[in-house]
Amino acid sequence: MIQVQNVVKKFDKDFVLNDVSLKIQKGSIYGLLGSNGAGKTTLLKTIAGIIKQNEGAVEIERKPVFENVALKERLVFIPDSLFFFSHYTVKQMANFYMDIYPKWNQKRFEQMQQLLDLDPNRKIQRFSKGMQRQVAFWLALCAMPDYLILDEPFDGLDPVIRRKIKSWIIQDVAEREMTVIVSSHNLNEVEDICDAIGIIHRGKLLLEKDLDELKSDIHKVQIAFKEEVDQTFFEELDILHQEKRGSVYICIIRGDVQQVEETIEQFNPVVFDILPLTLEEIFIYEMEGVGYAIENILL
Ligand SMILES: Nc1ncnc2c1ncn2[C@@H]1O[C@H](COP(=O)(O)OP(=O)(O)OP(=O)(O)O)[C@@H](O)[C@H]1O
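Note that the UniProt record's numbering gives residue 131 to position 131 of the sequence shown, counting from 1, and the numbers run on in steps of one.
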C-alpha cells in the first residue's frame with residue numbers, strides 16, 4: 001500500500017502541495033487528475049522518492065520512500081519528459097536497467113521486442129517521440145516493478161500502442177498485484193484502467209473516489225408526474241442536480257439505487273426511467289457538489 005499523509009511541499013514560499021493525504025491499495029490503479037500546474041508531477045515525484053516533502057509522510061508498505069534503496073529497486077517512475085543516456089541503444093539501456101532492478105526479466109524483454117517491433121540496437125534518441133515512450137514502457141515493464149508511477153504516460157502514443165500498453169499494465173496488476181499511479185489532465189484517457197480517481201487542484205486533493213462505488217452510487221433519472229409534484233419529493237432525495245424539460249424532470253441523484261427507486265415510486269410518477277451516466281458526467285456533478293466547475297479543472 002502507498003500512503004501519503006498530510007504532505008506539504010513548498011518551492012521557495014509557494015505551496016505546491018498543501019496537506020495532501022491519500023491511500024492507494026496494493027494491486028490497484030489510481031488515476032491522479034488535474035490541470036496544468038495542479039501539482040501532479042510534484043506529488044508523483046514525492047511518492048517515487050525523487051524529491052522530499054517539507055511536511056507529512058510518504059510511505060510504501062509502511063516505510064518512508066525517500067532514500068530507500070530497497071524500495072526503489074521495486075519501483076519504476078516514467079516521467080512526462082523522458083530521460084535516456086545520450087547515444088545509448090535500447091540494449092545498452094536494458095543492460096543498465098538490469099544492474100539496477102534485481103527482478104529484470106530478459107525473456108520478457110525479448111518477447112516485447114516482437115510485439116513492439118522496435119530495433120533494440122538502435123540509438124534511443126533516433127526514435128520518434130512516441131517510439132521513445134514505447135521504449136520507456138518496454139524497459140519499465142521488464143524491470144517487473146511492484147510499483148509503477150506514470151506521469152502523463154500516454155501522450156504521443158497512437159491508439160493501437162496505447163491499448164496494447166494498457167493491457168500489459170492491467171495484466172501485471174491482475175497477475176502479480178502491481179500497484180500503479182497514473183497522472184493525466186484528461187479523465188477519458190485513464191477511466192478505462194483506473195479503479196480509483198483523485199482530483200488535485202492548486203496543490204489540494206479535491207476529491208477521491210473508488211470508481212465502482214461511484215458508478216453504483218449516482219444515478220440519472222427521468223421522471224414526470226401527472227400534476228405538480230409535492231416539494232417533499234426534492235427533500236427526500238439527495239439530488240445533486242436537476243433540470244426540467246417541459247413536464248419532465250432530469251435529476252442526478254446520489255444513493256442506493258433500490259432506495260432511490262422506492263422513494264420515487266411513492267410519488268406515483270407517470271414516467272420513470274433510469275438513464276446511463278458517463279464517468280465524465282458523474283465527475284461534473286461531484287465537482288459541482290464541492291463547489292468547482294470541472295471544465296476549469298479538467299479537459
Ligand atoms: N522545481 C521547481 N521549482 C519551483 N517551482 C516548481 C518546481 N517544480 C514545480 N514547480 C511549481 O509547482 C507547481 C506544480 O507543478 P507540477 O509540475 O507538479 O504540476 P502538474 O500538475 O504536473 O502540471 P502539468 O500538468 O503542467 O505537468 C507549478 O506552479 C510549478 O511551477
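In this text, a Cβ means the ideal position worked out from N, Cα and C, and glycines have one as well.
*Less than 7 Å between the CB of residue 357 and some heavy atom of ligand 1, yes or no?*
This structure leaves residue 357 out entirely; the chain is present only between 1 and 299.
_Measuring alpha carbon to alpha carbon, tell me which residue in Gly27, Gln53, Glu73 and Ser183 is nearest alanine 38._
The option with the nearest alpha carbon to alanine 38 is Ser183.
*Mind pulling the alpha helix (DSSP H) runs of 4 or more residues that sit fully within the stretch 136-194?*
159-176 and 187-190
*Where do the ends of the alpha helix (DSSP H) carrying aspartate 212 lie?*
211-217
_Nearest by alpha-carbon distance to leucine 141: which of Tyr97, Lys26, Gly31 and Gly156 is it?_
Tyr97
*asked:* With distance defined between alpha-carbon atoms, name the residue in Val229, Tyr285, Thr278 and Arg245 nearest to isoleucine 253.
replied: Comparing alpha carbon positions, the residue from Val229, Tyr285, Thr278 and Arg245 closest to isoleucine 253 is Tyr285.
*Could you give the distance in angstroms between the alpha-carbon of phenylalanine 137 and the alpha-carbon of asparagine 54?*
31 Å
*What's the gap between the Cα of leucine 206 and the Cα of aspartate 238?*
20 Å
*Do you know offhand how far phenylalanine 267's Cα is from glutamine 132's?*
60 Å
*For the candidate residues Trp168, Asp192 and Ser21, whose alpha-carbon lies nearest to that of lysine 215?*
Asp192
*Please confirm if the stretch 106-121 is in contact with the stretch 80-91, defined as three or more CB-CB distances below 8 Å between the two stretches.*
yes
*Have a look at Val4, Lys23 and Gly27 and flag the residue whose alpha-carbon is nearest the alpha-carbon of alanine 174.*
Closest option to alanine 174, Cα to Cα, is Gly27.
*So, do the stretch 185-199 and the stretch 66-85 have three or more beta carbon pairs nearer to each other than 8 Å?*
no
*Whose CA, out of Gln258, Gln231 and Pro269, lies closest to the CA of valine 248?*
Pro269
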